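Counted the way the numbering used here counts, the sequence shown spans residues 612 to 913.
All C-beta atoms in this analysis are idealised placements derived from N, C-alpha and C, irrespective of residue type, glycine included.
Every value quoted in this text rests on a predicted model; they were computed, and no experiment measured them.
All remarks here apply to the structure that follows.
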Amino acid sequence: MGFFDKIFGGLTKTRKNMVELEEIFQNYDPESEDFYDELEELLIMADVGAETAEDVVVRMKKRTWQEDTRKGKDARKLLISILTEMLDAGNTDLKLTTRPSVILMVGVNGVGKTTTIGKMANQLRSEGKKILLCAGDTFRAAAGEQLDIWAQRSQCDIVRHEEGSDPAAVVYDSICAAKARESDVIIIDTAGRLHNKQNLMNELNKIRRIVDRELPNADVETLMVLDATTGQNGLFQAKQFLETAGLTGIVLTKLDGTAKGGIVFAIAHDLKLPVKYVGVGEGIDDLIPFNSTTFVEAMFKE
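So this is what it looks like as structure tokens:
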């Protein structure tokens, strides 16, 4: 199955939710405030977010006037163009040019972080990279065992300690192992839930200090795994992690399980962060690099 087909399939529920949005262009009137009010309402219902929806409508009004858009089909194309532009929040490619490079994975429990790490490891290994997984989530029971299973499935090395160990010590040992084994990429799992925001910040800062000290010139991607089905609540989580972890991008999981895929636009608009990967299924190959043009085309494909 090709990239477009996977995105198209993953957006099935979201696309059904967009039917009414498609219908409003049949009676499009560039002079009608009702059209723009309805457009804004439908965008919000698709979980684009209130601020983002308002911005889309403002851009639509400006562009339809500038381009003298009179036909519904042209207005529809204009909306697609605006939404595609809105997703341009930075480079969606992973920067992994050093050896080793580091991917620091963060996110709350239950979003599919461990599964995402396994899928990403498998993909990078298939590209010829040697991957080492670091079981830095020592707080959650069975987190290390789950990552171990994914290490076996993706044929990657793993470093793990006993449950309750100091995560920073696991990270240090992983870096030493990666250097000795000449690994290309270290993917670090982190705890999804600590007692409070201050604990989260302290733990992530401690891990990052070790990475910076031991690998001062390494490329580091800090990616937050976000569950698409949580919608605007997930956006709130991302804002907190952005403050504490210095995120470089988002991995959006469970896109195939939500009717509100519009959260992608809120992420780009509100956080100014690129979505780098999307999860569209349970298979090991169902984590795919994000492409804004393909995403919007799949969302609006009839």
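Just verifying my parser: in three-state terms, what is the DSSP assignment at residue i?
i	result
S785	helix
D699	coil
T749	coil
G683	helix
V668	helix
I821	helix
K887	strand
V722	coil
L826	coil
K742	Just to set this straight, residue 742 is Ile in the shown sequence, not Lys. I742: strand per DSSP, three-state reduction.
S903	helix
S737	helix
I799	strand
Check the C-beta distance from residue i over to residue j and give it rounded, since I have them as a contact under 8 Å.
i	j	result
E665	E644	Wrong, their Cβ atoms sit about 14 Å apart, outside the cutoff.
D800	D748	5 Å
I891	V722	The question names Ile, yet the displayed sequence has Val at residue 891. Rounded, the Cβ-Cβ distance is 15 Å, inconsistent with contact.
Y888	I899	7 Å
T675	L694	With 8 Å as the limit, T675 and L694 do not qualify as a contact, their Cβ atoms being about 15 Å apart.
H772	A780	7 Å
F636	R687	5 Å
Residue i to residue j, Cα distance in whole Å?
i	j	result
I786	D795	11 Å
Y639	T727	42 Å
T855	G845	16 Å
V782	L826	12 Å
E589	T708	In the structure as shown, the chain starts at 612 and stops at 913, and residue 589 therefore has no counterpart that could be examined.
L743	V831	14 Å
E774	F901	34 Å
G842	Q677	33 Å
V755	W761	Correcting the residue identity first, residue 755 is Gly in this sequence and not Val. Distance between the alpha carbons of G755 and W761: 10 Å.
L811	K724	16 Å
K790	D784	10 Å
H880	M656	17 Å
N733	D616	21 Å
M731	R792	20 Å
K740	A753	27 Å
F750	V822	20 Å
Is the CB-CB distance between residue i and residue j below 9 Å?
i	j	result
Y647	V668	yes
T859	L882	no
G857	T833	yes
T703	V886	yes
A829	L866	no
L653	L632	yes
L735	A746	no
K624	G873	no
I797	S712	yes
Original post:
Below 8 Å, can you find three or more Cβ-Cβ pairs linking the region 890-908 to the region 679-687?
Top reply: no
Original post:
Counting Cβ pairs closer than 8 Å, one from the region 708-726 and one from the region 830-850, do we hit at least three?
Top reply: yes
Original post:
Contact between the region 686-703 and the region 900-910: three or more CB pairs below 8 Å?
Top reply: yes
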